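What follows is one structure encoded as structure tokens, with my remarks underneath.
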Amino acid sequence: KQEVTQIPAALSVPEGENLVLNCSFTDSAIYNLQWFRQDPGKGLTSLLLIQSSQREQTSGRLNASLDKSSGRSTLYIAASQPGDSATYLCFTGFQKLVFGTGTRLLVSP
Amino acid sequence: DAGVTQSPTHLIKTRGQHVTLRCSPISGHKSVSWYQQVLGQGPQFIFQYYEKEERGRGNFPDRFSARQFPNYSSELNVNALLLGDSALYLCASSRGGFSGANVLTFGAGSRLTVL
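These protein sequences, in sequence, are chains R and L. Be aware that the first sequence starts at 1, since it is given in the numbering used here, and climbs by one per residue. Be aware that the second sequence starts at 1001, since it is given in the numbering used here, and climbs by one per residue.
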């Protein structure tokens, strides 16, 4: 059974800091790994998708890495902004799809 | 292009009733998946469909069922509603194959309250 854990559960930082969100999964037989953000009371927005054959993916200030052998993915956010405040979720699976436990990020001005 | 549309956006039911939630995927997307998100928790996978066939199922009771139509839209049905079924139900679509293999686009969700 795939279990996906995210650390930290919550994070509060001042604007401008670089930060790292962690995602760990127990079954390395994954297709891909995706990172999403969710704003309160709203749906999910896809940020990055890393295919199982890739090790890294970048979009703007976001960089995600994937290490299948160790069962880990990290999301790096550079120069954080208040607009980055949201819950960040990693997501993976094949026939059964699993979201991580989430990291609630608050970036203060 | 329209995004993933879900209906209804909000609904209130009583215990024991039945509910049908609907999802229209992005044009060109043939895969649909459903998720339940209880307040304060992450989404839990319910079903995924591709080309009208079920491709995966999460750990939900048989009261939950779904189907995908020839136009790739989908319905999620829940019978004999329980208080614990109160949640935001999210639908996502993707281009093809297994939902985990492609970028997912989510709808805004249907918020179900069971009294």
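Don't be surprised by glycine CBs; every beta carbon is placed ideally from N, CA and C. Everything numeric in this text was worked out from a predicted model, so none of it was measured.
Let me know if residue i comes out buried or exposed under the rule of 16 or more other beta-carbons within 10 Å of its beta-carbon.
i: R37(R); result: buried
i: N1102(L); result: buried
i: R1055(L); result: buried
i: T1105(L); result: buried
i: G43(R); result: buried
i: A1066(L); result: buried
i: D1062(L); result: exposed
i: D67(R); result: exposed
i: Q1041(L); result: exposed
i: S14(R); result: According to the sequence provided, residue 14(R) is Pro. The question's Ser does not apply to it. Label assigned to P14(R): exposed.
i: D39(R); result: exposed
i: A64(R); result: buried
i: I50(R); result: buried
i: L48(R); result: buried
i: L1081(L); result: buried
i: S1094(L); result: buried
i: I7(R); result: exposed
i: P109(R); result: exposed
i: Q54(R); result: exposed
i: L1112(L); result: buried
Would you grab the beta carbon distance between residue i and residue j for me? Rounded to a whole angstrom, and I think it's under 8 Å.
i: Y31(R); j: F94(R); result: 5 Å
i: L97(R); j: Q1048(L); result: 7 Å
i: L33(R); j: T92(R); result: 5 Å
i: L1011(L); j: L1076(L); result: In fact, because the Cβ distance is near 12 Å, the residues do not count as touching under 8 Å.
i: N18(R); j: T74(R); result: At roughly 12 Å, the Cβ-Cβ gap does not stay under 8 Å, so N18(R) and T74(R) are not in contact.
i: Y76(R); j: V20(R); result: 5 Å
i: A86(R); j: L105(R); result: 6 Å
i: S1110(L); j: P1025(L); result: Rounded, the Cβ-Cβ distance is 15 Å, inconsistent with contact.
i: T1005(L); j: G1107(L); result: 6 Å
Task: Uninterrupted beta strand (DSSP E) stretches inside the segment 1059–1089 of chain L (no shorter than 3 residues) - done: 1064–1068, 1074–1078
TODO: Could you say if the segment 1027–1039 of chain L and the segment 1076–1095 of chain L meet the contact criterion of at least three C-beta pairs nearer than 8 Å?
DONE: yes
TODO: Please list the residues of the segment 74–99 of chain R that have a C-beta atom closer than 7 Å to any C-beta atom in chain L, keeping them in chain order.
DONE: L89, T92, G93, F94, Q95, K96, L97, V98, F99
Task: contact_flag[the segment 1017–1029 of chain L, the segment 1063–1074 of chain L] where n(CB pairs < 8 Å) is 3 or more - done: yes
TODO: Decide if the segment 73–89 of chain R is in contact with the segment 1009–1028 of chain L; the criterion is three or more beta carbon pairs, one per stretch, under 8 Å apart.
DONE: no
Open item on the list: Can you pull out the residues from the segment 46–69 of chain R whose beta carbon lies closer than 8 Å to at least one beta carbon of chain L?
Closed with: S46, L49
Task: Contact list for the segment 1040–1067 of chain L against chain R, Cβ threshold 7 Å - done: G1042, P1043, F1045, Q1048, R1055, G1056, G1058
Open item on the list: Please identify, using Cβ separations under 8 Å, the residues of the segment 16–35 of chain R that lie next to chain L, in order along the chain.
Closed with: I30, Y31, N32, Q34
Task: Residue ranges of each beta strand (DSSP E) within the segment 43–104 of chain R, 3 or longer - done: 44–51, 56–59, 62–67, 72–77, 86–93, 97–99
Open item on the list: Could you tell me which whole beta strand (DSSP E) segments of length 3 or greater appear in the segment 16–47 of chain R?
Closed with: 19–25, 32–38
Open item on the list: Under 7 Å, CB to CB, which of the residues in the segment 1003–1035 of chain L have a partner in chain R?
Closed with: S1033
Task: Selection of the segment 1101–1115 of chain L by Cβ proximity to chain R, strictly under 8 Å - done: A1101, N1102, V1103, L1104, T1105, F1106, G1107, A1108, G1109
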